[in-house]
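Chains as they are written, first to last, in numbering that gives the first Met the number 0: chain Z, 0 to 264; chain F, 0 to 360. Note that beta-carbon positions come from the ideal geometry of N, C-alpha and C, so glycine has one too. Since the model is a prediction, treat every value here as computed from it, not as a measurement. For reference, the structure discussed in these notes is given below.
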Amino acid sequence: MKRFPIFGWLIIVLGILYFFTPLVGTLEWSLRIVSRDSFSLNAYTNVLMSERFQRTFGFSFIAALATIVVSVLLVAPTAYWVHLKLPRLRPWVEFVTLLTFVVPAIVLVFGIVRVYSRPPFSLMETEWGTNFLVIMGYTALSLPYTYRAVDTGLRAIDVRTLTEAAQSLGAGWGTIIFRVIFPNLRVALLSGAFLTFAVVMGEFTISNFILPGIVSFGPYMVNLNQTRPYEAAAVAIISFGLTWTSIGVIQLLGRGAPGQLAGTR
Amino acid sequence: MSFLELTNVRKLFGQVAAVENFNLHVERGEFVSFLGPSGCGKTTTLRMIAGFELPTDGTIRVNNKDITFQPPQKRDTGMVFQSYALFPNMTVADNVGFGLMIAKKSKAEIKQRVDEMLGIIKMFGLGNRYPYQLSGGQQQRVALARALAIRPQVLLLDEPLSALDAKIRISLRAEIRAIQRQLGITTIYVTHDQEEALSLSDRVVVMNNAKIEQVGTPFEIYNFPQTEFTAQFVGTLNTLQAQVRDAARGALVVDGQEISTAQKLDGFNAGDAVTISLRPERVAFYGELQKSNVLNVTIQNITFLGSIVRIQVRSGENIFYMDEFNNPFLALPKIGDQQQITFSREAVLVLKSGDARGKTF
């Protein structure tokens with residue numbers, strides 16, 4: 000007779016309590032803006048109608064899209080080339096992509112400020128230059144997620160043989176990358192893209208120290224927490240919702256993907 | 000001038016020679032197989048023809064044009080891989096038409112050629128399917144159609160059937176040969192399966208240790224192997240220990256019993272120890288047939304293999320096999336019976352070196 004795994008269930012229940020109690024508390028708090036005895040969505044409407052919310056959210060949204068484009072164009076061809084031609088370099092490239100886990104974001108910020116606030120790279124003097132540096136910083140922060148997602152995608156397809164098959168049919172490198180390799184990394188690229196999106200939307204350190212004032216969503220949330228606690232809770236819930244939606248989309252798109260791989264396995 | 004010429008081709012990986020002194024001329028429309036064990040250099044040679052590896056030395060010419068250092072996409076070769084290598088994101092029709100799209104053919108021409116190719120591989124109407132919706136055999140037929148659609152000068156097949164089950168392998172290899180004959184395309188086929196090589200090819204290149212052992216028609220390779228390796232690698236082969244009794248008349252002694260060979264024994268002297276080879280199918284029971292050589296043997300074992308029955312016999316120190324065609328009325332001896340077997344002088348081949356005595360390959 001199969002025993003009821005009580006210990007396993009206990010761990011699950013404790014885990015759920017640990018992770019969800021603060022969330023439920025935040026949600027409950029965000030709904031009490033009018034009075035302690037009734038629920039109201041006023042905090043959410045206040046936030047969504049706020050010009051600062053729209054401006055900072057819009058900035059971070061566009062910055063996230065730009066970061067995704069830069070990350071994909073940087074990581075996917077690199078990972079592809081490492082898989083195809085330089086497999087011995089794979090551990091080193093992995094190490095480099097993990098550096099942002101090891102080096103604190105504040106150190107990255109000081110590095111950026113020191114190098115790019117004086118000649119010959121005085122990028123911090125212009126808005127364009129600052130935005131560019133922020134996106135590069137976001138790209139560095141998202142490297143571990145994007146690289147891992149792409150690397151996993153590349154391991155799932157026979158990169159070398161697909162490349163050689165395309166070459167034997169007359170395809171050049173551009174065609175091979177954009178018509179053969181990238182389409183078969185669709186799910187991996189989307190996973191990396193959504194993770195990058197989630198990272199950029201909540202990023203605080205780089206945004207706060209490099210951008211002038213409260214320009215992006217992360218510093219806006221922190222500032223709101225100090226001045227308008229109910230709205231801050233509402234923004235936290237909205238932020239969670241965004242992240243979970245991203246994860247849900249990854250799961251949805253990834254469903255059934257392994258079965259679509261052809262060839263011998 | 001031959002259509003495909005490999006001259007003094009050599010390939011080193013570091014200090015290790017993968018291919019040495021490879022010379023081969025292939026005529027237009029010829030089907031040539033590279034046959035050999037794993038690591039013998041056959042796939043490396045094929046990949047050099049395709050352009051995926053560059054030779055360390057030597058030249059490769061196709062249709063009188065030196066392609067030795069041309070990139071793969073400029074070589075006009077079609078390649079079929081063991082793992083099919085269909086593009087998973089494309090339909091069957093898109094896969095087949097991929098090379099034509101690269102060549103900037105018109106949509107009408109691509110559609111016409113794709114339909115023609117799907118007809119040839121008997122998959123007309125399946126153009127909208129994705130590779131994952133096809134069986135292994137179907138996927139490999141699509142891979143073949145994709146390689147043929149660009150009408151390459153040379154078709155290269157790298158163990159294309161080894162991932163398939165036995166029945167599909169046999170039917171697909173017949174299809175490959177029929178399509179190759181129909182289109183008259185010069186084809187190089189890499190395999191480690193001797194049956195495949197012998198049944199498909201106009202000529203077979205037997206390779207071992209990075210070198211060519213023998214080039215010949217399947218008939219020549221099987222019946223007149225020029226090296227011990229070829230004799231052992233192609234087909235089942237018995238090797239027996241013998242001694243030369245009289246080199247002038249081809250007389251040998253096997254376990255005290257005299258036999259003779261039609262082969263010239265120049266350079267051998269009476270008393271020299273030699274290894275002789277004997278195909279199992281060339282040995283029969285005395286009485287069914289009477290040939291020049293007769294040996295007294297003891298029946299050791301009998302194995303039923305479907306179309307043939309393989310009988311293990313012993314003559315003194317030598318243990319070897321003989322094959323009988325199966326039929327419902329076959330009268331088989333019993334294990335332990337004393338029998339006489341017979342074989343012709345032509346069936347006895349004296350091998351140059353004697354390091355494989357008493358083995359059956």
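Who does residue i pair with in a DSSP beta bridge?
| i | result |
| --- | --- |
| F/K210 | F/N207 |
| F/I340 | F/F284, F/L294 |
| Z/R227 | DSSP output for Z/R227 lists no bridge partner at all. |
| F/N317 | F/S314 |
| F/K64 | F/V61 |
| F/M78 | F/L155 |
| F/F30 | F/T186 |
| F/N300 | F/Q311 |
| F/E257 | F/V252 |
| Z/F3 | None; Z/F3 has no bridge partner. |
| F/S276 | F/T238, F/L348 |
| F/A16 | F/L11 |
Using the C-alpha atoms, what's the distance from residue j back to residue i?
| i | j | result |
| --- | --- | --- |
| Z/P118 | Z/S206 | 22 Å |
| F/H191 | F/S276 | 22 Å |
| F/E227 | F/E316 | 21 Å |
| F/T186 | F/V347 | 34 Å |
| F/D354 | F/R281 | Here the model assigns F/D354 a pLDDT of 40, short of 50, so the residue's position is not dependable, and the following value carries that caveat. Whole-angstrom Cα-Cα distance: 23 Å. |
| Z/L241 | Z/P86 | 36 Å |
| F/V95 | Z/L83 | 24 Å |
| Z/A235 | Z/M220 | 8 Å |
| F/L171 | F/R140 | 8 Å |
| F/E26 | F/L182 | 15 Å |
| F/P224 | F/M122 | 40 Å |
| F/F328 | F/T341 | 21 Å |
| Z/Y79 | Z/L210 | 34 Å |
| F/E219 | F/Q111 | 42 Å |
| Z/I268 | Z/T204 | Any answer about residue 268 of chain Z is impossible in this case: the structure gives chain Z only from 0 up to 264. |
| F/I178 | F/I119 | 7 Å |
| Z/A231 | Z/I249 | 27 Å |
| F/V296 | F/Q289 | 16 Å |
| Z/L107 | Z/I246 | 27 Å |
| F/S314 | F/V203 | 34 Å |
| Z/V33 | Z/F19 | 24 Å |
| F/M0 | F/A148 | 26 Å |
| Z/G57 | Z/G217 | 12 Å |
| Z/L142 | Z/L223 | 29 Å |
| Z/I15 | Z/V198 | 23 Å |
| F/E345 | Z/I175 | 57 Å |
| Z/E126 | Z/I213 | 14 Å |
| F/A283 | F/E195 | 27 Å |
| Z/T77 | Z/I156 | 16 Å |
Are residue i and residue j touching if we call contact CB-CB under 7 Å?
| i | j | result |
| --- | --- | --- |
| F/N127 | Z/N183 | no |
| F/A49 | F/P71 | yes |
| F/P159 | F/V79 | yes |
| F/A142 | F/Y83 | yes |
| Z/L189 | Z/L132 | no |
| Z/Y146 | Z/T195 | no |
| Z/I134 | Z/T66 | yes |
| F/D336 | F/I301 | no |
| F/G136 | F/L154 | no |
| F/V91 | F/L53 | no |
| Z/L168 | F/G98 | yes |
| F/T55 | F/L5 | no |
| F/Q81 | F/S198 | no |
| Z/T138 | Z/S70 | yes |
| F/L236 | F/G249 | no |
| F/V349 | F/Q262 | yes |
Measure how close the beta-carbons of residue i and residue j come, nearest whole angstrom, since I'm counting them as under 8 Å.
| i | j | result |
| --- | --- | --- |
| F/N22 | F/K210 | Contact flag wrong, Cβ pair sits at about 10 Å. |
| F/T229 | F/V214 | F/T229 to F/V214, Cβ: 10 Å. No contact. |
| F/F33 | F/T44 | 6 Å |
| F/Q231 | F/Y285 | So it is not a contact: roughly 27 Å between Cβ atoms. |
| Z/Y229 | Z/S29 | 6 Å |
| Z/V149 | Z/A187 | 5 Å |
| F/E323 | F/I310 | 7 Å |
| Z/V46 | Z/A170 | About 50 Å separates the two Cβ atoms, so there is no contact after all. |
Taking Cβ positions only, does residue i come closer than 7 Å to chain B?
| i | result |
| --- | --- |
| Z/P182 | Going by chain labels, chain B is absent from the structure shown, which instead holds the protein chains Z and F. |
Complete runs of the alpha helix (DSSP H) confined to the region 105-165 of chain F [at least 4 residues]: Fully contained in the region 105-165 of chain F are the following alpha helix (DSSP H) runs of length 4 or more, in chain order: 106-119, 135-148.
Those runs of the alpha helix (DSSP H) which lie wholly inside the region 154-192 of chain Z and span at least 4 residues: 158-167
Within the region 179-253 of chain F, ranges of the alpha helix (DSSP H) (whole runs, at least 4 residues): If only complete runs of 4 or more residues are kept, the region 179-253 of chain F shows the alpha helix (DSSP H) at 193-199, 217-222, 227-232, in order along the chain.
Runs of alpha helix (DSSP H) lying entirely within the region 104-161 of chain Z, each at least 4 residues, in chain order: 104-115, 126-155
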